[in-house]
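A.B. asks:
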Amino acid sequence: MIVYGPPTYDYDIDLGPIFVHDYYHTYYTDLVQELMSPNEATSIGAGTSDNNLINGKNNFECSSQRTANPCVSDAGLSKFFFEPGKVHRLRFINSGAEGMLHISIDRHKMIIIAADFVPMIGKEVEVISLAVAQRMDVLVTGVGKPGDSYWLRSQIQPCSGALNPLALAAIYYPGADQTLAPTSTAWPDTLPPCLDMDPSTFVPYYSSTPQPAAQQVDITIAFIQNATGHWLWTMNGVSYRSNYNEPTLLLTKATSPDSPLNFPLEYNAYAINPGKNTSQFAVFHFENTVGVGHPMHLHGHNMYLLSQGHGTWDGTVIDTPNPPRRDVFICPASGHLVIAFHANNPGVWPFHCHIAWHLGAGLFIQAVEQSEWIQESMSIPAASYQQCKIWWNYTGHDVVHEIDSGL
Ligand SMILES: [Cu+2]
Numbered sequence: 078m079i080v081y082g083p084p085t086y087d088y089d090i091d092l093g094p095i096f097v098h099d100y101y102h103t104y105y106t107d108l109v110q111e112l113m114s115p116n117e118a119t120s121i122g123a124g125t126s127d128n129n130l131i132n133g134k135n136n137f138e139c140s141s142q143r144t145a146n147p148c149v150s151d152a153g154l155s156k157f158f159f160e161p162g163k164v165h166r167l168r169f170i171n172s173g174a175e176g177m178l179h180i181s182i183d184r185h186k187m188i189i190i191a192a193d194f195v196p197m198i199g200k201e202v203e204v205i206s207l208a209v210a211q212r213m214d215v216l217v218t219g220v221g222k223p224g225d226s227y228w229l230r231s232q233i234q235p236c237s238g239a240l241n242p243l244a245l246a247a248i249y250y251p252g253a254d255q256t257l258a259p260t261s262t263a264w265p266d267t268l269p270p271c272l273d274m275d276p277s278t279f280v281p282y283y284s285s286t287p288q289p290a291a292q293q294v295d296i297t298i299a300f301i302q303n304a305t306g307h308w309l310w311t312m313n314g315v316s317y318r319s320n321y322n323e324p325t326l327l328l329t330k331a332t333s334p335d336s337p338l339n340f341p342l343e344y345n346a347y348a349i350n351p352g353k354n355t356s357q358f359a360v361f362h363f364e365n366t367v368g369v370g371h372p373m374h375l376h377g378h379n380m381y382l383l384s385q386g387h388g389t390w391d392g393t394v395i396d397t398p399n400p401p402r403r404d405v406f407i408c409p410a411s412g413h414l415v416i417a418f419h420a421n422n423p424g425v426w427p428f429h430c431h432i433a434w435h436l437g438a439g440l441f442i443q444a445v446e447q448s449e450w451i452q453e454s455m456s457i458p459a460a461s462y463q464q465c466k467i468w469w470n471y472t473g474h475d476v477v478h479e480i481d482s483g484l
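Here the sequence shown stands for residues 78 to 484, numbered as in my numbering.
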C-alpha cells in the first residue's frame, strides 16, 4: 500500500515498493522451536537463512538445500527498468525475519528522501542500511544510457547466518538485452555492519524537537535460560508472554482511573503517564547486554533519537534541534538505545525487537499510554468486543498450540 502524502521532492517514475528480505525454507514454528531449545546453547537466537530475496526472487542452487523441499534451481531474478536522465523513486521495505541489509545500485547514487515513511532532507549516498522492519525511499537518477544494465544488490550483514547473503536484481535501460546478466561492479561498502547509518544522515523534512521528558523508563535486555533450559529474551528480567483472552486494553478499561494498573508480570506492561497538561514526552532507555543487535520498533509513534551506540549510555543526548525521527532504530550489540516520543496517543503500544525469533522468545514490552484518557474517553468498538467473544468461545473448547510469546 502506498500512501501519497504531500510531496517533498519531484521524481519522474515510481518503481513502487521493493521488498527485500532473508528467506528460510523452514517454517517459523520449527525454527523457533529449534532456536529456543535447551540444546541450542550457543545460538543466541540466530538461524541461518537459505536465501535473500528482492521482490520475491533470487537464484538458488537446490543442491545446497539443508532439507528436502520441492526446489527449482536458478528460478530467476527481479528486473527493474530505468530511463536515461529520469528520476526514479524506489521504496525499499525490509520485510525479513532477521537479516540486516546493505543495499546499493552499481554506478548509481541514491538520495534518501524518507526513512520509515518520515520524509527526510535529501541525502546522497552509495549504500543504504536497512534492518528488519525499516523502510527507506530513495531517488535515483538514470545515469546510464540506452542498452546499459546494472546490478541492484542487497547484502545480508555478517551478524546473521546466511547461505546466500547476496541478493541481486537486474536494472535494464531501454534496448538492453534482458537475457544477459549485467556485468557492473559494486560500490565499495564503507558502512559499518549491523548498525543504523550515521544520525547525520537523517534530518527530518518537517522539523520537530522533543521537549524534556517527564518520564523515563530504563530497560535491560538479556538472553537467559529458564527452568526447563529453554532460551528466552527478557526485558528487565521478564520474558513477554501474551494472553489473548485478557487483552491489555480491556484490562486497562476495566480499571478505575483512581486505582493503580495491575497487569500480570509476563505482560511486560509499562504505564506511560507523563501528564496530560504538562510535558507529554517520555523516554525509553535500553541497555543491551547481549552481543547481537536489535531493530527496536515502537507502534503508534515516530521516535526521536537521543543516543545510540556501543557500550552503556553515558547520559548524554543528541542535543540538536530536529534529531532523527523514525519508528525503528537499532539497539546495537552490547550497546544502548535512548529514544523520546510524544505521549499524546492514548493506547496500548507494542515496543519490541522486530527479529522474528527474538520477538517470539519474549523481547517485547507494552506501553500503556495515557491510561486515564483510555479509561475516561476511549470506547472499545463493538466489533472489537465481538472478536474477543468469538475468541473466548473458541478457546473454551479448543486448545491453542502456542510455543512462542504469541506475537
Ligand atoms: Cu532482537
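We treat Cβ as the ideally placed atom computed from N, Cα and C, and that holds for glycine. In this text the structure is predicted, and so the values were computed from the model without any measurement.
1) Answer with buried or exposed for residue 139, where buried requires no fewer than 16 other C-beta atoms within 10 angstroms of its C-beta.
2) What are the uninterrupted segments assigned as alpha helix (DSSP H) that are 4 or more residues long and contained completely in the stretch 93-166, given in chain order?
3) Tell me which same chain residues have a C-beta within less than 7 Å of the C-beta of residue 284, skipping the five on either side of it?
4) Nearest chain D C-beta to residue 442 closer than 7 Å, yes or no?
5) Which of helix, strand or coil does DSSP assign to residue 389?
6) Any contact between the stretch 462-472 and the stretch 406-424? By contact I mean 3 or more CB pairs, one from each, below 8 Å.
7) My parser needs the alpha helix (DSSP H) runs of 4 or more residues fully inside the stretch 441-469; what are they?
8) What span of residues does the beta strand (DSSP E) with residue 200 cover, start to end?
9) Figure out for me which residue from 183, 302, 270 has the closest Cα to the Cα of residue 247.
10) Less than 7 Å between the C-beta atoms of residue 298 and residue 363, yes or no?
11) With the cut-off set at 7 Å, would you say residue 309 and residue 438 are in Cβ contact?
12) Would DSSP call residue 472 helix, strand or coil?
13) Take residue 349 as the anchor and find which of 110, 263, 446 has the nearest alpha-carbon.
14) Using the rule of at least 16 other Cβ atoms within 10 Å of the residue's Cβ for burial, across every protein chain shown, is residue 420 buried or exposed?
15) Report all residues from its chain with a CB closer than 7 Å to the CB of residue 319; omit the five preceding and five following residues, and keep chain order.
16) Contact defined as beta carbons within less than 8 Å: I believe residue 317 pairs with residue 441. What is the distance between those atoms, to the nearest angstrom?
17) In chain order, which beta strand (DSSP E) runs of at least 3 residues are fully inside the stretch 283-308?
18) Kindly indicate which three-state DSSP category residue 426 falls into: helix, strand or coil?
19) Taking 6 Å as the cut-off, is the C-beta of residue 190 nearer than that to any heavy atom in ligand 1?
20) Starting from residue 408, follow its DSSP beta bridges and name the residues at the other end.
21) For residue 472, which residues in the same chain have their Cβ closer than 8 Å to its Cβ, ignoring the five residues on either side in sequence?
22) Considering only heavy atoms of ligand 1, does any lie closer than 6 Å to the CB of residue 371?
23) Check residue 507 in the structure and name its three-state DSSP category.
24) Enumerate in chain order the residues of its own chain whose CB-to-CB distance from residue 45 is below 6 Å, with the five nearest sequence positions on each side excluded.
25) Leaving out five residues before and five after residue 305 in sequence, what residues of the same chain have Cβ atoms less than 8 Å from its Cβ?
26) Please state whether DSSP places residue 433 in a helix, a strand or coil.
27) Give the straight-line distance between the Cα atoms of residue 287 and residue 79, rounded to the nearest whole angstrom.
28) Taking just the CA atoms, how far does residue 379 sit from residue 430?
29) My output table needs one value for residue 364: the three-state DSSP class, helix, strand or coil.
30) I need the boundaries of the alpha helix (DSSP H) containing residue 268, first residue and last residue.
31) Locate the beta strand (DSSP E) running through residue 229, then write down its first and last residues.
32) Which residue's Cα is closest to the Cα of residue 250: 131, 263, 220, 105?
33) What residues in its chain sit with their C-beta under 7 Å from that of residue 100, if we drop five residues either side in the sequence?
C.D. replies: Well, looking at it:
1) exposed
2) 105-113
3) 398, 399
4) Of the protein chains in this structure there is only one, and it is not chain D.
5) coil
6) no
7) 448-454
8) 195-202
9) 183
10) yes
11) yes
12) helix
13) 446
14) buried
15) 482, 483, 484
16) 4 Å
17) 292-302
18) strand
19) no
20) 371
21) 321, 322
22) yes
23) For residue 507 there is no data in the structure shown, the boundaries of the chain being 78 and 484.
24) The requested residue 45 is not part of the displayed model; the chain covers only 78 to 484.
25) 115
26) helix
27) 28 Å
28) 16 Å
29) strand
30) Premise fails: residue 268 is in no alpha helix (DSSP H) and is neither H nor E.
31) 226-233
32) 220
33) 126, 127, 128, 129, 130
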